[in-house]
Amino acid sequence: MDFNALLDQSDEKYAKYLLSQDHLFKKIPDDQRSELIHQAIECGKNAARNFSATDLWEYCRQEAIEIDYFMEELKAENFRFVLAEFRLPNRIRINQSLLDEADEFLKEQEFLKDQRVDEILLAHELYHYLENQQKLFTIQKQMTYQIGPFKKQARLHSLSEIAATSFVQELLELRFSPILLNVVLLFPVAPDYSRELAKQLLVID
Ligand SMILES: [Zn+2]
10 MDFNALLDQS
20 DEKYAKYLLS
30 QDHLFKKIPD
40 DQRSELIHQA
50 IECGKNAARN
60 FSATDLWEYC
70 RQEAIEIDYF
80 MEELKAENFR
90 FVLAEFRLPN
100 RIRINQSLLD
110 EADEFLKEQE
120 FLKDQRVDEI
130 LLAHELYHYL
140 ENQQKLFTIQ
150 KQMTYQIGPF
160 KKQARLHSLS
170 EIAATSFVQE
180 LLELRFSPIL
190 LNVVLLFPVA
200 PDYSRELAKQ
210 LLVID
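Numbering-wise, this note's numbering comes out as the position in the sequence shown, counting from 1, plus 9.
Here it is, written out as structure tokens:
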């Protein structure tokens, strides 16, 4: 599979894709979408600029953030793999099985040369730690909407994903969107799903 087309997409485009995956997407008024995307991107970039540690593992040790490299049986039919996740208050889980399985394939990807994939995953989850610790925009922003007679309030989790993405990109000075890891990490295990995701990422307008 050729990932070059995916390398050329703008960050806004990927942010749009992430927003469109939010389960509350349809509740977001049209005219607020681009502003929310912009605010989330800025929020992630600012968090990276304010982050002074250079060794992410050392930072986790200092902050007593637990990193759990978990193993699981990889089957293509369970394509909704967790690449990594953050659990409150201070636990980061990284899917070591996926990293192992994709290792050879990742080494063949020119755009990942000189880049530690586990560091990209760790940095993403670190953003979720920071947004909670520092009560950043992506945690505070609540959306109010109506279901029948009821007024509801909820967070837009996609904003956190957008910000985490721009945090990683800024912090690690990546020339590609870390979203591409979803495609390349899954390709060796679930190629059909990986191709489908790549297709979706290319058609965002
Ligand atoms: Zn995330």
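Quick reminder that beta carbons are idealized off the backbone N, C-alpha and C, glycines included.
Own chain partners of residue i with C-beta closer than 8 Å, once the 5 adjacent residues on each side are dropped
i: Glu128; result: Leu65, Leu181
i: Pro98; result: Asn141
i: Gln209; result: Tyr26
i: Gln118; result: Phe12, Val193
i: Asp20; result: Ile50, Thr174, Ser175, Gln178, Ser186
i: Ala85; result: Val198, Ala199, Pro200, Asp201, Tyr202
i: Ala73; result: Asn99
Identity of the residues DSSP links to residue i by a beta bridge
i: Gln161; result: The question names Gln, but residue 161 is Lys in the sequence shown. Bridge partners of Lys161: Tyr154.
i: Arg102; result: Asp77, Glu94
Minimum C-alpha distance to residue i - residue among the options
i: Pro7; options: His47, Glu67, Tyr154; result: Past the boundaries of the shown model lies residue 7; the chain is included only from 10 to 214, so the question cannot be answered.
i: Asn104; options: Leu83, Arg70, Asn55, Leu97; result: Leu83
i: Asp112; options: Glu119, Val126, Arg100, Arg102; result: Val126
i: Ala173; options: Asn55, Leu107, Glu205, Glu75; result: Asn55
i: Ser169; options: Phe95, Arg89, Cys69, Glu81; result: Phe95
i: Asp123; options: Arg184, Ala85, Arg70, Thr63; result: Arg184
i: Tyr78; options: Ser43, Arg58, Leu108, Gly53; result: Leu108
i: Ala93; options: Ile213, Ile188, Asp214, Pro197; result: Ile188
i: Tyr136; options: Gln71, Ile171, Phe159, Glu110; result: Ile171
i: Leu115; options: Arg58, Asp214, Leu190, Ile213; result: Leu190
i: Glu44; options: Ala24, Asn87, Glu110; result: Ala24
Where residue i falls, given that 16 or more other Cβ within 10 Å makes a residue buried
i: His133; result: buried
i: Ala207; result: buried
i: Leu16; result: exposed
i: Ile156; result: exposed
i: Ser61; result: exposed
i: Leu211; result: exposed
i: His47; result: exposed
i: Pro200; result: exposed
i: Asp31; result: buried
i: Phe146; result: buried
i: Ala14; result: exposed
Close beta carbons around residue i, own chain, < 6 Å, minus the five adjacent residues each side
i: Glu81; result: Ser106
i: Tyr68; result: Ala62
i: Lys22; result: Ile213
Whole-number beta carbon distance between residue j and residue i, since they are thought to touch under 8 Å
i: Leu131; j: Ile101; result: 7 Å
i: Phe90; j: Leu195; result: 7 Å
i: Gln162; j: Gln149; result: Not a contact, Cβ separation roughly 12 Å.
Cβ-based neighbour list, residue i, same chain, cut-off 7 Å, excluding 5 preceding and 5 following
i: Lys160; result: Thr153
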